[in-house]
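Okay, so here's the structure we're looking at.
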Amino acid sequence: MNLGLKLLAALGRAVLRGLRAIGSVTLFALETARHIVTPPFYPRAFRSALMQIGWLSLPVIGLTALFTGGALVLQIYAGGARFDAQAVVPQIVAIGMVRELGPVLVGLMVAARVTTSIAAEIATMKVTEQIDALITLSTDPMKYLTAPRVLAGTLTVPVLVAVGDTIGIMGGYGVATGTLGFNAASYLRDTVHFIEPLDIATSLTKGAAFGYIATMMGCYYGLRASRGAMGVGLATKGAVEYAAVLILAANFALTSVFFAQ
Amino acid sequence: MIVLDTLRKSFGSRPVLRGVSLRVPKGHSMVVIGPSGAGKSIMLKCAIGLTQPDSGTVTLANTRITPASRARLMPQTGVLFQGAALFDSLPIWENVAFTLLRQMSRARARAAAIEKLARVGLSADVADRLPSELSGGMRKRAGLARAIANEPQLMFFDEPTTGLDPVMAGKINRLIREVVTELGATALTITHDITTVQTVADDVAFLCEGKVRWTGEAATLNETEDPKLRAFLAGRSEDE
Chain A
8 MNLGLKLLAA
18 LGRAVLRGLR
28 AIGSVTLFAL
38 ETARHIVTPP
48 FYPRAFRSAL
58 MQIGWLSLPV
68 IGLTALFTGG
78 ALVLQIYAGG
88 ARFDAQAVVP
98 QIVAIGMVRE
108 LGPVLVGLMV
118 AARVTTSIAA
128 EIATMKVTEQ
138 IDALITLSTD
148 PMKYLTAPRV
158 LAGTLTVPVL
168 VAVGDTIGIM
178 GGYGVATGTL
188 GFNAASYLRD
198 TVHFIEPLDI
208 ATSLTKGAAF
218 GYIATMMGCY
228 YGLRASRGAM
238 GVGLATKGAV
248 EYAAVLILAA
258 NFALTSVFFA
268 Q
Chain B
734 MIVLDTLRKS
744 FGSRPVLRGV
754 SLRVPKGHSM
764 VVIGPSGAGK
774 SIMLKCAIGL
784 TQPDSGTVTL
794 ANTRITPASR
804 ARLMPQTGVL
814 FQGAALFDSL
824 PIWENVAFTL
834 LRQMSRARAR
844 AAAIEKLARV
854 GLSADVADRL
864 PSELSGGMRK
874 RAGLARAIAN
884 EPQLMFFDEP
894 TTGLDPVMAG
904 KINRLIREVV
914 TELGATALTI
924 THDITTVQTV
934 ADDVAFLCEG
944 KVRWTGEAAT
954 LNETEDPKLR
964 AFLAGRSEDE
């Protein structure tokens, strides 16, 4: 076989591998949705997932949003100064945080914190035969492990996004009023008046989608881990990489749906 | 009764099971021995329904195992995994009472779990500990308590003494024999530990290179003429 054909064959194999992976993740996502809405349900596992994904993510989400909001104000103020447009800082910060930065940052932080943790936990269960044990105890791993985590992610990440948006805006407010001389009352008034219901709806919808993706990818890679410690490492790495890529792709798709003219 | 009929399983081009057939009569305890790589673990996974054979059938309690029937049969089976496979995030009592929690209140399930723990020689004060806080032998006992929680009629043991010192291995073997006898269960054990054979087995099968080379009563094991089995029992390779 000449070099050209070899390259073509390699390309074809890579494309087929990619298509197979997309199909596999899509089927897993649909199967997960089915398991979420059909019994049996595991309320204790769900409550535990709510705590792990939601409550315990708050500090890192809050700090991330706080510093990002502060940095955003400084950037927009400096950029706006070139056009003598410093007065629009509150509006730009609000729209930037609520529509884009809040959901994306929260989604990526959840991927970093939660996706890795879910993938490592489930992959370890897989390599130590705990998943096999679940099956022999008449328990479907999709129902016991995946459905509660993905439902908790889908419900809590929008709340985390709302908290992140608010803290980010307040971080910007703090920097703007503390160091840039903005009037506190007018900054808040401009922020509140500028945000529209559609902005908030977009933010929360993105949060729900990112929560679904982040938790689902952790479960997907965890349940497919091969044997041994290396398998756990590969599952964790693959989960966070592809969760982050899918979150950014979904962000683009949702932004196009909501705001494309 | 446990019946494996002409099980074949390959991974890629490598055949692991080459037509394994076994029959464990009701109430009997069969131990399958064989060297590493003989196909024991895959055979056990096929028997439990965790792995689908390429061909052949598994029949448990007169029901042929299929993906649909497996769920129905699982409540009648108890499995002790090689590393016990206790759920890390749950305390020991919840591990033991995992299936009981679907059938009764938490208080009653906890009491039942403590009773099962006592049966395998573990005191009530381990009930609230996590699996990581127990020694290997204690984890095996807790795994055994979980396996017998539902008083199953079919029991499977995967290398029950691996990783244990000889004293603890002896205790685990005797416990297995006792609980299987008490429950009147049909049991299938895989091991490469001859002491397990001596304590647990009514019948023995020797699996080698994916095939059953010898079956018979445990008492007749040392009378075998099979050269590979004799070499295995003597702890040497056939050509030594």
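Which chain is which? The protein sequence lines are A and B, in order. Numbering-wise, the first sequence is residues 8 to 268 according to my numbering. Numbering-wise, the second sequence is residues 734 to 973 according to my numbering. Ideal Cβ placement from N, Cα and C applies to all residues, glycine included. Everything numeric in this text was worked out from a predicted model, so none of it was measured.
- Counting the other CB atoms within 10 Å of its CB gives K244/A a total below 16, which places it among the exposed residues.
- For V933/B, no CB of chain A lies under 8 Å from its own CB, so it is not counted at the interface with that chain.
- Within chain A, the residues whose beta carbon sits less than 7 Å from that of L783/B are D139, I142, listed in sequence order.
- For A920/B, the enclosing beta strand (DSSP E) begins and ends at 919-924.
- Think of a sphere of 8 Å around the beta carbon of P808/B: the chain A residues whose beta carbon falls inside it are S145, in chain order.
- In this structure, V247/A sits near T122/A, with a CB-CB distance shorter than 8 Å.
- The segment 138-155 of chain A makes no contact with the segment 199-212 of chain A: fewer than 3 CB pairs, one atom from each, lie closer than 8 Å.
- With fewer than three CB-CB distances shorter than 8 Å, the segment 844-855 of chain B does not count as touching the segment 785-797 of chain B.
- At a cut-off of 8 Å between beta-carbon atoms, V812/B makes contact with chain A.
- The beta carbon of H761/B lies closer than 7 Å to those of T919, D935, D936 in the same chain, with the five residues before and after it left out.
- Taking a beta-carbon distance threshold of 8 Å, T153/A does not count as an interface residue toward chain B.
- G816/B and D898/B have their alpha carbons spaced roughly 14 Å apart.
- For M763/B, no alpha helix (DSSP H) encloses it; the enclosing beta strand (DSSP E) starts and ends at 762-766.
- Boundaries of the alpha helix (DSSP H) harbouring D206/A: 204-230, taken from the DSSP string.
- Under the Cβ distance rule, T792/B does not count among the residues neighbouring chain A, no pair being separated by less than 8 Å.
- Excluding the 5 residues flanking it on each side, E38/A has same chain C-beta neighbours closer than 7 Å at M149, in chain order.
- In this structure, the beta-carbon distance from A818/B to A267/A does not fall below 8 Å.
- Per DSSP, V913/B lies in no beta strand (DSSP E) segment; the continuous alpha helix (DSSP H) that holds it begins and ends at 899-916.
- In chain order, A140, L141, L144, T146 make up the part of chain A whose C-beta sits under 9 Å from the C-beta of F831/B.
- In terms of Cβ geometry, P864/B and I905/B do not form a close pair [threshold 8 Å].
- Within the segment 821-866 of chain B, complete alpha helix (DSSP H) segments of at least 4 residues are found at 825-829, 839-852, given in chain order.
- A direct Cα-to-Cα measurement between A16/A and A183/A gives close to 57 Å.
- Pairing G109/A with D172/A gives a Cβ-Cβ distance under 8 Å.
- Below the 8 Å Cβ cutoff, chain A contributes T135, E136 as neighbours of G816/B, in chain order.
- Between V164/A and G218/A the beta-carbon gap is near 3 Å, inside 8 Å, which marks them as a contact.
- Residue range 236-266 is occupied by the alpha helix (DSSP H) that includes G245/A.
- Excluding the 5 residues flanking it on each side, E884/B has same chain C-beta neighbours closer than 7 Å at L916, in chain order.
- At least 8 Å separates the CB of F939/B from every CB of chain A.
- At least 8 Å separates the beta-carbon of I923/B from that of D959/B.
- Closest option to T796/B, judged by alpha-carbon separation, among F889/B, V736/B, G943/B: V736/B.
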